[in-house]
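Chemist: Pasting a structure here, questions to come.
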Amino acid sequence: MSKVVSSYQSVVRGVSEQVAQDRHSGQHSEQVNMVSDPVTGVARRHGSIMMDEKLALSGKLTASQIDYARNYREYSFYIKGTEYSIVYMSAERNSADTLPFCAVLNKDTGKFLTVNYTDKQALLPWTHGGISALTTVGQFVVMASNSLGPDYTITDNIKPLADHGVAWVRGGAYSRTFTLKLTRASDGKAFKATYTTLSSSYPNLLDTSDVPLYLDAPTNTNLNKDYQKTVNDRVNAYNSAVNKWIGDAAVSVQPQNIAAKLAKALKTAGFTTVSTAGGSICLKDCSSLSVDDAGDGTLFRAVLGQLDDPAKVSSIHYPGKVVQIKTNGSSTMYYLKAVPDDPSVKDWQTVTWEEAAAQTVTPTVAFATLAISADGQNAWIGQNAKALNDVDATWNVPGYVPSTVGDIEAVGQIPYFFGKRVTLLTSFMDRLVIVSNGVTFMSRVGDYFNFFRKSMLTVEDDDPIEAYALGAEDDIISKCVTYNKDLFMFGQRKQYTISGRAVLTPKTVAVTTTASERDSMYAQPTVVGNLIYYGKYSPQANINGPSPYVGQIDQFQLGYFQDTPETYRVSQQLTRYIRGRPIELVSISSPATLFVRTDGNDFGCYVYSFIDAPGSQQRQFDAWYRWEWSENVGRIVGITSYKSTMFAFLLRTDGTDTYFACDQFVMDSSLSAFPYLDAMRSADHLSTGTIIAAKPDTFMDVATAIDATQDEFLLGSEFAEYGAFRDDYPTIPDSAFWTGFQYDAYVDLTPPFVRDQNDRAIVNGRLVVNRYSVSVTETAGLDAFLTAVSTTKQVLSFNGRRVGRSNNVVGRQPVTTTSLNVPAGRANTEHSLRLQARLWFPMTISAIEWVGQFFNNARRV
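Heads up: take any position in the sequence shown, counting from 1, add 1, and you land on the working numbering.
So this is what it looks like as structure tokens:
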């Protein structure tokens, strides 16, 4: 036997589920509602401040609503420089459920906005189908539904004028036969019209041989006195005929003449829906049309449906006519539309041909949109842009841009996500990113609601992009972060990256597989410095709580090789501690802390504090522990960060009504200026909400205490005695009285072990711990409980008072820095010690020493 005296090297290393002898020094069996600070020690966390409460529904939560509440998620966004937070329902629920779809908080003021809906019936796919993805676009938040894929309409631009054609006589030629053939669309009857132009020369010869020189031939004695006159008349008549022919021939080759003759022939044959405009024959009710100029086809062209050369379009056509252009030997196909020179005339006229769409694809029901009113007091949710603009035209919510080129058969003309559940929305490189399953779609640059190409002839750098990684077609990508300039996306099976180091274009886009971490997309990952934290889970039997899973937290960090991140589990020493699947991760940078919300803990969250070693991939300090609160504080439905604090959103009931509440938590180990209570509010805020001065007996765990602005700091009473306690201090203002829910804060210490020269715990001896010496700073109360042989007893009760100290004054609650002796008298493997804060008092443990007796006769080698 020998007396041994030693100390804990640290008290701030958080919780470990390893066997006691293998834990690092300073790791505990449990640590609840404490803050591990390597500077000050392990301190009781500050109480939370109630920011706002807003009535959610009348009555208590039903069993199904308790389940639904675990499906709330949080999303933070900025509008006009103000940061907001929306807590929304992310999963489908019964259409009769009365839980609010969402709550919107102004983080700067800490107040909830009034949420309004343009049409509750039209918004049911979102309000009761749940949100699958959302992101900020300019001054608005767009939201995709779980139960409704983006829809669209198709407008056929060819069919309305498909039977309108033009046979265009571009020029004439002598002795040329022009032929026009068509089929009438209404009855299928075929028509043919031909017209042959005159030759350029007079077809007859001058012949005067029949004019006799002598009248008495063959004697030839009687000379014809009129011979010369007759010949001259014959020549003059011939010349006149020649001249007339030349004129008629010139007229016959004029395009307008040819067109008129052919049109007349068609009318004569019974095709009456024909007219002419110059050299153009304008035809209606025509299903097929062909022309022939008896030459190379340059003089007579038909424009009805399809052309092989854009140069073959006519200068006159019906406004709005769309024709297809498909060049021989090319797979490129596009369409031209006749744009009238005079839009006021709705008839055949001169037109300009521009590239257009054969079928216009117009997105209709795609995303619901949230807008904030100018006064910042209201949030409006509309099913489309028009619905919101009808509420406030100054919002000028942009609508979806229809397609302008191509047809529905063209590749990418109907984006993949149309008609499918959208699993991810974000913005990257000035594009709206829409992911459905494993296919990533990106809008035009700067035009977030334009999903279509500018032209089928060229691929522009700012055209939309659709891509997927090889092997990712059957994956479901639902989370992403921007990391190291890249878009880092999380799927159910793998992780993918889109590079942001160069301009992103349809020609350069590449989606690469980066890692293969399965089931890592249940919670939105968060980036802290050069780290990405993400949650995973696994099934576990015999878990207390609503979820049959346990969680784990991993991290990606930049590896030694470019574009090759390394993974590391930051919860290696925990197996069953994190109950449930991680569903929300929130980080703050000062101090570096990660908050984890799970679906297996409705009344608290898990906290991971850490300090990274600069210039290396090592960690100087880390600690896991949990925060929890009274069930009366409320069920957690979301967490977010704001200016190095954590906001927790809760569903809080007073037994009659249920409220949306927001409480602010801080990571501060110094002495708080407020009592250590949760959901605190000052006495001048006790007229409405869940804690009301007129009903002091609503809750049994509510207390009131005085803040640090008064000498009576930390003096308080149960809220049931609030009236009498308030009357005892009439000169203290209401703003100094703070009321909230009490909460326990404690540490279950790992018992000490004697270690050998190799720093390994000696387990084959017997160590009896006689007492612990606990150094506390700025502590107003501490209770110690010793558990041995399944029996727990209180072995220390410290009220902050020390005889002889100047702060030991009657009528005041002292806050003391001292050392406390805690008796044990048990073997280290047969007991556990809990150090617990009292009431609403601060407690900080800075160091622990122990004294004991060690029984071991074996010689260590």
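From the three backbone atoms N, C-alpha and C, an ideal C-beta is built for every residue, glycine too.
On the three-state DSSP scale, how would you describe I67?
Modeler: Looking at I67 - three-state DSSP - the assignment turns out to be helix.
Chemist: Which term fits L214, buried or exposed, when burial requires 16 or more other beta carbons within 10 angstroms of its beta carbon?
Modeler: Its Cβ having fewer than 16 others within 10 Å, L214 is exposed.
Chemist: Could you check the C-alpha separation between K4 and R761 for me, to the nearest Å?
Modeler: 19 Å
Chemist: Taking the alpha-carbon positions, what's the Y626 to C606 distance?
Modeler: 9 Å
Chemist: Please go through the same chain and pick out, in chain order, the residues whose beta-carbon is closer than 7 Å to the beta-carbon of S683, but skip the five residues on each side of it.
Modeler: Excluding its 5 nearest sequence neighbours in each direction, S683 has C-beta neighbours in its own chain below 7 Å: D735, S736, F738 and W739, listed in chain order.
Chemist: Taking A680 as the reference, which of E54, D658 and G321 has the closest Cα?
Modeler: The residue with the shortest Cα to Cα distance from A680 is E54.
Chemist: Ignoring anything shorter than 3 residues, give me the beta strand (DSSP E) runs that lie fully in the stretch 741-821, in order along the chain.
Modeler: 747-750, 767-780, 783-789 and 792-799
Chemist: Using C-beta distances below 6 Å, list every residue in its chain close to V292, excluding the 5 sequence neighbours before and after it, in chain order.
Modeler: Sequence-distant partners of V292 (beyond 5 residues in either direction) whose C-beta falls short of 6 Å from its own C-beta, in its chain, are A168, L181, F301 and A303.
Chemist: Roughly how many angstroms separate the alpha carbons of I409 and I67, rounded to a whole number?
Modeler: 46 Å
Chemist: Suppose only complete runs of 3+ residues qualify. What are the beta strand (DSSP E) ranges in the stretch 315-384, listed by chain order?
Modeler: 323-327, 334-341, 350-357, 360-364, 369-373 and 379-383
Chemist: For N72, does the three-state DSSP call read helix, strand or coil?
Modeler: coil
Chemist: Let's see if you can read the secondary structure: which residues bound the beta strand (DSSP E) around G166?
Modeler: First-last of the beta strand (DSSP E) with G166: G166 to V170.
Chemist: Rounded to a whole number of angstroms, what is the C-alpha to C-alpha distance between P126 and F368?
Modeler: One C-alpha to the other measures close to 10 Å.
Chemist: Between S631 and L586, what straight-line distance do the alpha-carbon atoms span, to the nearest angstrom?
Modeler: 22 Å
Chemist: List in chain order: all unbroken beta strand (DSSP E) runs of 3+ residues lying wholly within the stretch 426-451.
Modeler: 432-437 and 440-443
Chemist: Report, in whole angstroms, the separation of the C-beta atoms of A57 and F661, which I expect to be a contact under 8 Å.
Modeler: 5 Å
Chemist: Out of curiosity, what's the CA-to-CA distance linking V138 and S428?
Modeler: Our two residues, V138 and S428, have alpha carbons roughly 8 Å apart in a direct line.
Chemist: Classify L939: buried if its beta carbon has 16 or more other beta carbons within 10 angstroms, exposed otherwise.
Modeler: Residue 939 lies beyond the range of the chain shown here (2 to 862); nothing can be said about it.
Chemist: Indicate the three-state DSSP secondary structure (helix, strand or coil) for W625 in the structure shown.
Modeler: strand
Chemist: Span of the beta strand (DSSP E) holding Q558?
Modeler: Y550 to Q558
Chemist: Please state if the CB of T274 and the CB of K285 are separated by a distance shorter than 8 Å.
Modeler: yes
Chemist: Using the C-alpha atoms, what's the distance from V170 back to A250?
Modeler: Their Cα atoms are separated by approximately 16 Å.
Chemist: May I have the straight-line CA-CA distance separating I733 from Y609, to the nearest angstrom?
Modeler: The C-alpha of Y609 is placed about 39 Å away from the C-alpha of I733.
Chemist: For L199, count neighbouring C-beta atoms within 10 Å of its own C-beta (all shown protein chains included) and say buried if the count is 16 or more, exposed if not.
Modeler: buried
Chemist: Give me the residue from Q22, V323 and D152 with the minimum Cα distance to K160.
Modeler: V323
Chemist: Am I right that R835 and V769 are in contact with their C-beta atoms under 8 Å? What's the rounded C-beta distance?
Modeler: With a Cβ gap of about 19 Å, R835 and V769 do not count as contacting.
Chemist: Could you pull the start and end residues of the beta strand (DSSP E) that F141 belongs to?
Modeler: F141 to S146
Chemist: How would you call L471, buried or exposed, if buried means at least 16 neighbouring beta carbons within 10 angstroms?
Modeler: exposed
Chemist: CB-CB under 8 Å to Q257, same chain, minus the five flanking residues each way: which ones, in chain order?
Modeler: V170, T277, G279 and G280
Chemist: Please determine if the stretch 309-324 and the stretch 142-152 are in contact, where contact requires at least 3 C-beta pairs separated by less than 8 Å.
Modeler: Not touching, per the Cβ criterion.
Chemist: Going by the DSSP bridge assignment, what does S289 pair with across the sheet?
Modeler: T184
Chemist: Can you tell which of Q229, G42, L371 and T710 has its C-alpha closest to the C-alpha of T115?
Modeler: Minimum Cα distance to T115 is reached at L371.
Chemist: Is the distance from the Cβ of T513 to the Cβ of T498 below 8 Å?
Modeler: yes
Chemist: DSSP on K455, reduced to helix/strand/coil?
Modeler: coil
Chemist: I'd like to confirm the pairing. Which residues does DSSP put opposite T154 in its beta bridges?
Modeler: T363
Chemist: Report the rounded CA-to-CA distance for D38 versus R46, giving the unit in angstroms.
Modeler: 11 Å
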